[in-house]
Structures are given as structure tokens and as C-alpha cells.
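First up is the structure itself, then whatever we jot down about it.
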Amino acid sequence: ATENVKKDEL
Amino acid sequence: MNLFRLAGDMSHLFSIVLILLKIYTSKSCAGLSMKTQELYTLVFVTRYLDLFYSYVSLYNTVMKLIFLASSFGILWYMRYHKQVKQTYDREQDTFRHYILVVPCAVLALIVNNELSVTEVLWTFSIYLEAVAILPQLVLLQRTKNVDNLTGQYIFFLGAYRALYILNWIYRYWTEPKYRQYLVWAAGLVQTGLYADFFYYYLKSWQAGEKLRLP
């Protein structure tokens, strides 16, 4: 699993 | 937010405006795949559940609400509007939802960043968005003669993804922490699906003719 990045795209 | 991202979002928004304009002015949804519209609605619903638990910006929230409302609006027109619903190509639009939904759901359960309900649903929406245009492309192949607005709709949807790729490249170099491999892979697949369409679209456009598919 990769690092969970903040979802700021649509 | 960089310019590529903004241009991508505007292209996405514009594609939706075009489709609503087409339906509203011509009172017709001929050439549009309801299957694709339903899949997009499912994409927005499963992805934007985060409206309930995370806030990024007013821009994001407003755009999410617009995408949700407009996708339900388009579906409402296609299903219930007296005149519009009669123009729907039911016999031609035969693509089955489950062919796309089931594999995307399985893949989201296997390949994700975290095995939680919201994360799996979000991942599912990413995968599903990548392939949701397929019923529309199949319908396009079948009906061949495409009216201008439908052609432009698909063009701007494809442009949206292409611009997002530029946005990702930009963010890759400017934000060391921004690494969304899963989103990038799905986005590349999605843009790839448009390659064929783009080719014929630009060729028709260059020849100054209506879009014609072989």
C-alpha cells in the first residue's frame, strides 16, 4: 500500500 | 492549484454544460449513452461521500455539488422528461453496467491505499471513472453519425483527463509528497481510451466536416 495523500482533486 | 488543474476542471465542467445545453435546446438525447451517464453518477456519488467528512476548499465543495447535481439532472432528463426520453437510443445502448462495475469493485478491494469502506469506495470511483466512457464510445461506433455537441462533449471530457495528466506531472515536480500512483494509472488508462476518438475527431475537424467514425 502506498501512503495516503490528502485528496484535494475532483 | 495550478493552471493545468483549473483548465482540466473547467473542461470537465464545460463538457457537462454542453450536454445539458444539447438536451435542453434540442429536447433530445439522441447519441448519448444513459449507461455512461449512470456510471458517472455512480462515480460522483461514491467519490464525493467525502463531502460529509472532509473539507478541502469552497471551490472543491462547490464543484463536487455541481457535478453531483448535474449528473442527476442529466439522468432525470433522459429518464423522465416527456420529449427527451423518447429520443433515447435504447436498442443501441446495450452495454451492461456490471461488465465495468464488478471488475472495478473487485480491483478496488484488492488494490487500494487502505482497506476501509470510504477508501475502497473512493478507489472504486477512480477505477470506474477510467472506463465509464466505454458505453458512450460503443454507442458512438454504432450510430456513426455524431452530432456536433455530442462530439464536443466527448472531446472536452477527454481534454479534461489530458489536462489532469499535465497537472500530475507539474505536481510531481513541485510537491515532493504528492504521489498518487493509483490515480495516475487509472488516469492514463482513461486518457488512452480517448486516443482513438481524438484521432477521428481531429481528422474530421481538419477536413471541416462533421465527425464521422469508420
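Same order as they appear, the protein sequences are chains A and B.
Take the first sequence: its letter number 1 is residue 81 in the working numbering, and every next letter is one higher.
Take the second sequence: its letter number 78 is residue 361 in the working numbering, and every next letter is one higher.
Glycine is no exception: its CB is placed at the ideal position from the N, C-alpha and C atoms.
Quick caveat, the model's predicted, so the values are computed rather than measured.
Could you name the residues of chain A that N343/B contacts, counting a contact when the two beta carbons are closer than 8 Å?
Near N343/B (Cβ distances below 8 Å), the residues of chain A are D88 and L90.
Can you tell me which of the three DSSP states V339/B falls into?
Residue state, collapsed to three classes: coil.
Under the three-state DSSP convention, the category D292/B falls into
The answer is helix: DSSP assigns D292/B an H, G or I state.
Ignoring anything shorter than 4 residues, give me the alpha helix (DSSP H) runs that lie fully in the region 370 to 452 of chain B, in order along the chain.
DSSP runs (the alpha helix (DSSP H)) wholly in the region 370 to 452 of chain B: 380 to 393, 400 to 414 and 417 to 426.
By Cβ distance below 7 Å, which residues in the same chain neighbour V421/B in space, the five residues on each side in sequence not counted?
For V421/B, where only same-chain residues beyond five positions count, the Cβ hits under 7 Å are F378.
Classification of L301/B by the beta-carbon crowding that lies within 10 angstroms, buried from 16 upward
By the neighbour-count rule (16 or more Cβ atoms within 10 Å), L301/B is buried.
Determine the closest residue to H295/B out of V389/B, Y323/B, T457/B and V429/B, with distance taken between C-alpha atoms.
When V389/B, Y323/B, T457/B and V429/B are compared, the shortest CA-CA separation from H295/B is found for Y323/B.
Within-7 Å CB hit, F480/B to chain A:
The Cβ of F480/B sits no closer than 7 Å to any Cβ of chain A.
May I ask you to list, following chain order, the residues of the region 292 to 322 of chain B that have a beta carbon less than 9 Å from some beta carbon of chain A?
So the list reads D292 and H295, given in the order they occur along the chain.
Output the boundary residues of the alpha helix (DSSP H) element that contains M284/B.
If you look at M284/B, you'll find it isn't in any alpha helix (DSSP H); DSSP assigns it neither H nor E.
Looking at T444/B: is its Cβ nearer than 7 Å to the Cβ of T406/B?
Going by the sequence as given, residue 444/B is Arg instead of Thr. No.
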